[in-house]
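Before any comments, here is the structure.
Numbering (this note's numbering), first residue to last: 1 to 84.
As structure tokens, this is what we get:
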């Protein structure tokens with residue numbers, strides 16, 4: 001049976017001044033940020049084409065909520081790559 005030593009123990013290696021996050025954690029944060037960014041783009045397009053009706057107000061609320069989620073995902077990604 002092959003050993004998983006390099007992958008199994010990599011998360012335990014700590015360098016001075018480096019993040020506690022593993023590279024895979026940072027990559028997962030990146031992927032989440034990209035998903036939220038795409039969702040935000042879709043919400044913007046829906047709002048931009050909704051017009052000035054009640055649907056427009058609902059679409060705008062969905063867009064601002066998507067912006068908030070995208071901002072939060074971006075902050076988590078920044079923390080993962082900067083060591084925060």
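Ideal placement from N, C-alpha and C gives every residue a C-beta, glycine not left out. Keep in mind it's a predicted model, so treat the numbers as computed, not measured.
message: Here's a check: name, in chain order, each residue in its chain whose Cβ is nearer than 6 Å to the Cβ of residue 81, leaving out the five neighbours to either side.
response: If you number the chain shown from 1, residue 81 lands on position 81. Once the five neighbours on either side are set aside, the close Cβ partners of residue 81 are 26.
query: Distance, Cα to Cα, residue 64 vs residue 33?
result: Counted from its first residue, the chain shown places residue 64 at position 64. Counted from its first residue, the chain shown places residue 33 at position 33. Distance between the alpha carbons of residue 64 and residue 33: 16 Å.
query: Thinking C-alpha only, which one of 69, 83, 58 is nearest residue 35?
result: Taking the chain shown and counting its residues from 1, one reaches residue 35 at position 35. The shortest C-alpha separation from residue 35 is found at 69.
query: Cβ of residue 68 less than 8 Å from any chain D Cβ?
result: The structure shown contains no chain D; it is built from a single protein chain.
message: Quick check: residue 74 and residue 62, are their CB atoms within less than 8 Å of each other?
response: Your numbering for residue 74 matches position 74 in the chain shown. Your numbering for residue 62 matches position 62 in the chain shown. No, Cβ-Cβ distance for residue 74 and residue 62 is not below 8 Å.
- prompt: What's the gap between the Cα of residue 129 and the Cα of residue 29?
  reply: Lying before the first or after the last residue shown, residue 129 is absent from the chain, which here runs from 1 to 84.
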